[in-house]
Amino acid sequence: MMTFHVARREFLHYLRSPFSYVISAAFLFIVGVFFSLILDNYVQLSGQGPMFGEQSLTITQGIIEPFSSTLGLVLILFLPALTMRVLAEEQRSGSMALLLSAPISATEIVLGKWLGLMGFLLILFTVGLGYVPVVLFAFGKAPVAPLLTALLGLLLLAGTGSAVGVMTSSLSEKQIVAAVMSWMLLLGSWILSFLESLEGTLGAIGRHVGLILHYESFGRALIRSNDLAYFTLVTILCLFVAQQRIESKRWS
Amino acid sequence: MIEVQQLSRRYGQVLAVDEISFRVEEGEVLGFLGPNGAGKTTTMRILTGSLGASSGRANVAGFDVHRQSREARRRIGYLPERPPLYPSMTVWDYLDYAARLHGVASGDRVSAVRHALERTDLLSVKGRLIEHLSKGFQQRVGIAQALVHDPPVLILDEPTSGLDPAQVAEIRALLAELRGRHTVVLSTHILSEVAASCDRVLIISKGRLVASGTEADLRAALGASQRVELLLARPDEETASVLSAVPGVQEVTVGEDGSFLVSGGDSDIREQLNAAAAPFGLLESRPHGGLEELYLQAVSDESVTETRP
């Protein structure tokens, strides 16, 4: 119940804050540009018919997969700007004292913060990206399964990205420091995926730790248990660090 | 209502609170007096369960603030030195959130918030954003936040700091209303505040309890004598001897400004003294060396250092 109260306040804060609208608008604008580029590209390619020796691209291969991949990258670029304030602001303004002296546990604070963020992102995706399936269905015989798995991938990525944001925001009183830490972690693990082609340990790190590989399979209508485990574990780990950090406030 | 036993807290090498023990009875208003950095805020944060103690125990409303932290925190209203406000919320929404956090049931929430607004006289600004309020109003929102769940224990850290004199008077009037209905611990470094608002005083310095009790207790403990300063319209050469003849008077000295400083040992000599001074045109009679002197005496043994967390 306490978790719900914290989540509710957090959610309402994002709905009422001009800053979150600015960030959301920029995010949706860039996503929209990429969507139209990908769509345009696909229309041109399919208009030319199958090239010599090539199969024509399906909607999944030609639109959903590249769009899902781009959407993920744009999301992790923008997410830290939304999440940076989540705990840093409370610590800096002194309102953390209200939470620390209230009958509420650190776990409830952290879970509430994360759920509030997720609630806002859910609204953002529904309202701001609802046109994507509509366009695809109007456009042709869009397959349902890859759309659903791509959505699942997006939600998992948003959940993990938010958890990373909650963690870094708990580590610093300065919002900008929290944001930079989030960017470094998210982009760093995204880039780590490029190591996959290497031999040996580095390649293994790229395959297992890299964010892209775990995320992109969802765009190809694949739900793999190792990807699910990856997102779930990273989310729980980050929230746990944040919880420990809040708890340690009582002791420092 | 509050019981503290040998409470200590260190920050690294610095001992901020050093084996403090005290009790606060139900309905009592206790003043925490001490210079900045004496350990007042640290002690109060420990009492509210928002900071761990290094050693010792603290009980609030029958619950240990560490082992039964949640139960204890439910019964405490806390105003930190800096009010824990969310600037972008309206006063009403903020108090509603504070009520939710302190477990006020949904059916009682509207009346709880309204009641807190009435008690702090904030009804007129209930729809305003907190960031647009003056400092005095913000302080009152902070107090309303501590009151909203009607806790038996209120812990107020420097409730009047940084306010202008009119606002200080308003907050004091509010504190006077809280008296009797809540057990209150308030900290201050302003002496007149203690005299105005508190039943009992604890003086702490460098983390140690140096004196405690009512004003009279402190006076007795510190061996301070009753002294009265008299301002007379028509003093003459006989005045000093007349005043000396009043029963209980031990010493009469004449100040540079022509006032008479009369020392009365342990007994209260004011009534007879004033009667004796009346023929000389008594303009003013005031106790000399009140809390201020006691306070300085109490903290002067140890030099005051800044050890803020």
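As they're listed, the protein sequences go chains H and A.
Using this note's numbering, read the first sequence as starting at 314 and increasing by one per residue.
Using this note's numbering, read the second sequence as starting at 5 and increasing by one per residue.
Glycine residues also receive a C-beta, built at the ideal position from the N, C-alpha and C atoms.
Checklist entry - Does H:Arg563 get closer than 8 Å to chain A when you measure Cβ to Cβ? => result yes
Checklist entry - In chain order, which continuous runs of the alpha helix (DSSP H) of length 4 or greater are located wholly inside the region 452 to 517 of chain H? => result Taking 4 residues as the minimum length, the alpha helix (DSSP H) runs contained wholly in the region 452 to 517 of chain H are 457 to 484, 488 to 505, in order along the chain.
Checklist entry - What span of residues does the beta strand (DSSP E) with A:Ala62 cover, start to end? => result 59 to 64
Next on the checklist: Between A:Pro239, A:Val117, A:Ala65, which has its C-alpha nearest A:Gly259's C-alpha?
Outcome noted: A:Pro239
Next on the checklist: Which residue wins for smallest C-alpha separation from H:Thr396, given the options H:Ala338, H:Leu467, H:Phe332, H:Tyr543?
Outcome noted: H:Phe332
Item to check | C-alpha gap between H:Thr420 and H:Val445, whole angstroms | outcome: Their backbone Cα atoms lie some 36 Å apart in a straight line.
Checklist entry - If we count Cβ pairs, one from each stretch, closer than 8 Å, do we get three or more for the region 108 to 118 of chain A versus the region 137 to 144 of chain A? => result These segments do not touch.
Checklist entry - Smallest Cα separation from A:Glu275: which of A:Ser59, A:Val250, A:Leu105, A:Ala102? => result Of the candidates A:Ser59, A:Val250, A:Leu105, A:Ala102, the one whose C-alpha sits nearest the C-alpha of A:Glu275 is A:Val250.
Checklist entry - Got a sec: which bits of the region 390 to 410 of chain H sit with their beta carbon under 8 Å from any beta carbon on chain A, in order along the chain? => result From the region 390 to 410 of chain H, only Ser406, Gly407, Ser408, Met409, Ala410 have a Cβ closer than 8 Å to chain A.
Item to check | Interface residues of the region 410 to 427 of chain H facing chain A [CB-CB below 8 Å] | outcome: Ala410, Leu411, Leu412, Leu413, Ser414, Ala415, Pro416, Ile417, Ser418
Next on the checklist: Can you look up A:Pro291 in the DSSP assignment and give me helix, strand or coil?
Outcome noted: Looking at A:Pro291 - three-state DSSP - the assignment turns out to be strand.
Checklist entry - Looking at the unbroken alpha helix (DSSP H) that takes in H:Arg322, where does it start and where does it end? => result 315 to 329
Item to check | Contacts around H:Gly516, its chain only, beta-carbon distance under 8 Å, and the 5 residues preceding and following it disregarded | outcome: Leu508, Glu509, Ser510
Item to check | H:Pro416 burial status per 10 Å Cβ neighbour count (16 or more: buried) | outcome: Taking all protein chains in view, the Cβ of H:Pro416 is crowded by 16 or more other Cβ atoms within 10 Å, so the residue is classified as buried.
Item to check | Where the region 522 to 536 of chain H meets chain A: residues whose CB sits under 8 Å from a CB there | outcome: Taking 8 Å as the Cβ-Cβ cut-off against chain A, none of the residues of the region 522 to 536 of chain H qualify.
Next on the checklist: Considering only the alpha carbon of each residue, which of A:Val8, A:Leu37, A:Gly31 lies closest to A:Val205?
Outcome noted: A:Leu37
Checklist entry - With 16 other CB atoms within 10 Å as the buried threshold, where does H:Thr373 fall? => result buried
Checklist entry - Taking the alpha-carbon positions, what's the A:Ser201 to A:Leu182 distance? => result Roughly 10 Å between the two C-alpha positions.
Checklist entry - For a contact meaning CB atoms closer than 7 Å, what does A:His136 contact in chain H? => result What A:His136 touches in chain H: nothing, since even the nearest Cβ is about 15 Å away.
Checklist entry - Can you name the residues that DSSP bridges to H:Phe348? => result For H:Phe348, which the question treats as bridged, DSSP gives no partner whatsoever.
Next on the checklist: To the nearest angstrom, how far is the alpha carbon of H:Ile489 from that of H:Lys426?
Outcome noted: 18 Å
Checklist entry - With distances taken between CB atoms, is the gap from A:Ala116 to A:His70 smaller than 8 Å? => result no
Next on the checklist: Going by DSSP in three states, A:Leu167 sits in which element: helix, strand or coil?
Outcome noted: Secondary structure of A:Leu167 (DSSP, three-state): coil.
Checklist entry - Among H:Phe317, H:Ser502, H:Thr316, which residue has its Cα nearest to the Cα of H:Tyr543? => result H:Ser502
Checklist entry - What residue range is occupied by the uninterrupted alpha helix (DSSP H) comprising A:Leu137? => result Segment: none, A:Leu137 is in no alpha helix (DSSP H) and carries neither H nor E.
Next on the checklist: If you reduce the DSSP assignment to three classes, tell me which class H:Gly519 lands in.
Outcome noted: helix
Checklist entry - Under 8 Å between C-beta atoms, does A:Pro88 make it to chain H? => result yes
Next on the checklist: Checking the sheet assignment: what are the DSSP bridge partners for A:Ser267?
Outcome noted: A:Arg231, A:Glu255
Item to check | H:Ile536 burial status per 10 Å Cβ neighbour count (16 or more: buried) | outcome: exposed
Checklist entry - Can you name the residues that DSSP bridges to H:Gly441? => result Answer is none; H:Gly441 lacks a bridge partner.
Next on the checklist: With a threshold of 8 Å between beta carbons, is H:Ser330 in contact with chain A?
Outcome noted: yes
Checklist entry - Counting contacts by CB-CB distance shorter than 8 Å, is A:Pro251 in contact with chain H? => result no
Next on the checklist: Please report the distance separating the alpha-carbon of H:Phe340 from that of H:Val477.
Outcome noted: Rounded to whole angstroms, H:Phe340 to H:Val477 spans 19 Å at the Cα level.
Next on the checklist: Run through chain A and tell me which residues come within less than 7 Å of H:Arg322, C-beta to C-beta.
Outcome noted: Tyr101
Item to check | Residue-level contact to chain H via CB, A:Arg132, 8 Å cutoff | outcome: Contacts with chain H at 8 Å (Cβ-Cβ) do not include A:Arg132.
Item to check | Proximal residues, the region 139 to 155 of chain A versus chain H, C-beta separation under 8 Å | outcome: Those residues of the region 139 to 155 of chain A that come within reach of chain H (Cβ to Cβ, closer than 8 Å) are Gln149.
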